[in-house]
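Asks: For the sequence shown, counting from 1, position 57 maps to 57 in the UniProt record's numbering; every step adds exactly one.
Even glycine gets a Cβ: it sits at the ideal position worked out from N, Cα and C.
Note that the coordinates shown come from a computational prediction; the quantities given were computed from them, not determined experimentally.
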Amino acid sequence: MGQTLKILGRTSSINVRKVLWTCQELDIDYEREDWGIGFASTHDPAFLALNPNAQVPVIIDENGVLWESNTICRYLVGKHGRDDLLPAEPAARARVEQWMDWQATELNPSWGDAFHGLVRKHPDFQDPQLIAAGVKRWNDKMGLLEQQLNHTGAYVAGADFSLADVLIGLSAHRWRQTPMERPDYPAVAAYCKRLEQRPGFAEYASDAYS
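#1: Please report the residue range of the alpha helix (DSSP H) in which VAL166 lies.
#2: Classify GLU181 as buried or exposed, calling it buried when 16 or more other Cβ atoms lie within 10 Å of its own Cβ.
#3: Report the start-end ranges of each beta strand (DSSP E) in the region 20–55 that is 3 residues or longer and not cut off at the edges.
#4: Which first and last residues belong to the beta strand (DSSP E) in which LEU8 is found?
#5: Just confirm the distance between the C-beta atoms of PHE125 and ASP140, as a whole number of angstroms; I'd bet it's less than 8 Å.
#6: Quick one: residues in its chain with C-beta nearer than 7 Å to the C-beta of GLY36, no 5 flanking neighbours on either side, listed in chain order?
#7: Find the nearest neighbour of PHE201 within the set ASP61, CYS23, ARG32 and PRO87, judged by alpha-carbon distance.
#8: What's the C-alpha gap between GLN147 and GLU196?
#9: Would you mind stating whether SER69 and VAL119 have Cβ atoms separated by less than 9 Å?
#10: My parser needs the alpha helix (DSSP H) runs of 4 or more residues fully inside the UniProt domain "GST C-terminal" (89–210); what are they?
#11: For GLY64, which of helix, strand or coil comes out of DSSP?
#12: Tell me whether ARG74 counts as near the ligand PLP, meaning its Cβ is closer than 8 Å to at least one heavy atom of that ligand.
#13: Taking all protein chains shown into account, do 16 or more other C-beta atoms lie within 10 angstroms of the C-beta of ALA157, making it buried, or fewer, making it exposed?
#14: Considering only C-alpha positions, which residue in the set ASP127, ARG194 and ARG74 is nearest to PHE161?
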């Protein structure tokens, strides 16, 4: 039997919550330590030895150390043989992974100015023009998600829930909870309603988190 999974990272991090929700879907036990804003510094030499990027989450198991949240989620699903969440067949897997990568490379960067200015109230993100431009970028990207959900009628990659929905579900919730003007995207709203039926979404997309 392998060692108990250890997760390093604060639960207020959306990237840590990706991993925690994935663990809930897999029904696996883990131990978690608080690292990051408000807790132990990720610039501590002990943490940097695990992840030189000084970012959470990091996991440790019998196979060693791993960082980057989307990669961690892929690894855990593969380790536990959950082809329903991330298919083994190449084309089906690619349809899930393209949306996972979209979340990381397109959607995630779009919200920086708006989220840090409006939610975190960071002093470096208080320029109204930058915030307005950030809101537009974020809404535009969510418009692409609206189109995709109208196409599938259910989940991001198709008719069935997949690992991509863990990542994008948390992102969609963040978008809906940020105090800003946003278009009426009924497919996104219906999507979040479907996700609310999953215990992982109910726990890790809580309004208490930012």
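Replies: Looking at the coordinates:
#1: Your numbering for residue 166 matches position 166 in the sequence shown. First-last of the alpha helix (DSSP H) with VAL166: 163–177.
#2: The count along the sequence shown starts at 1 and reaches residue 181 at position 181. So GLU181 counts as exposed.
#3: If only uninterrupted beta strand (DSSP E) runs of at least 3 residues are considered, those enclosed by the region 20–55 are 30–33.
#4: As a working mapping, residue 8 is identified with position 8 in the sequence shown. Here the beta strand (DSSP E) through LEU8 covers 5–8.
#5: Mapped onto the sequence shown, residue 125 falls at position 125. Mapped onto the sequence shown, residue 140 falls at position 140. Approximately 19 Å separates the beta-carbon atoms of PHE125 and ASP140; this is outside 8 Å, ruling out the contact.
#6: The residue you call residue 36 lines up with position 36 of the sequence shown. If the five residues before and after GLY36 are omitted, its C-beta is found closer than 7 Å to the C-beta atoms of GLY9, ARG10, SER13, THR42 and VAL56, all from its own chain and listed in chain order.
#7: The residue you call residue 201 lines up with position 201 of the sequence shown. Comparing Cα-Cα distances from PHE201 to each of ASP61, CYS23, ARG32 and PRO87, the minimum goes to CYS23.
#8: Along the sequence shown, one-based indexing puts residue 147 at 147. Along the sequence shown, one-based indexing puts residue 196 at 196. Looking at the backbone, the Cα of GLN147 and that of GLU196 are separated by about 21 Å.
#9: Translated into positions along the sequence shown, residue 69 becomes position 69. Translated into positions along the sequence shown, residue 119 becomes position 119. Against a cut-off of 9 Å, the Cβ pair of VAL119 and SER69 comes out as no contact.
#10: Listed in chain order, they are 90–102, 112–118, 128–152, 163–177, 186–195 and 199–204.
#11: For the purposes of this step, residue 64 is identified with residue 64 of the sequence shown, where counting begins at 1. The answer is strand: DSSP assigns GLY64 an E or B state.
#12: This structure simply doesn't include the ligand PLP, nor any ligand for that matter.
#13: Here residue 157 is taken as the residue at index 157 of the sequence shown, counted from 1. Taking a 10 Å sphere around the C-beta of ALA157, we find 16 or more other C-beta atoms and assign the residue as buried.
#14: For this step, residue 161 is matched to residue 161 along the sequence shown. Looking at the Cα atoms, ARG194 is the closest of the given residues.
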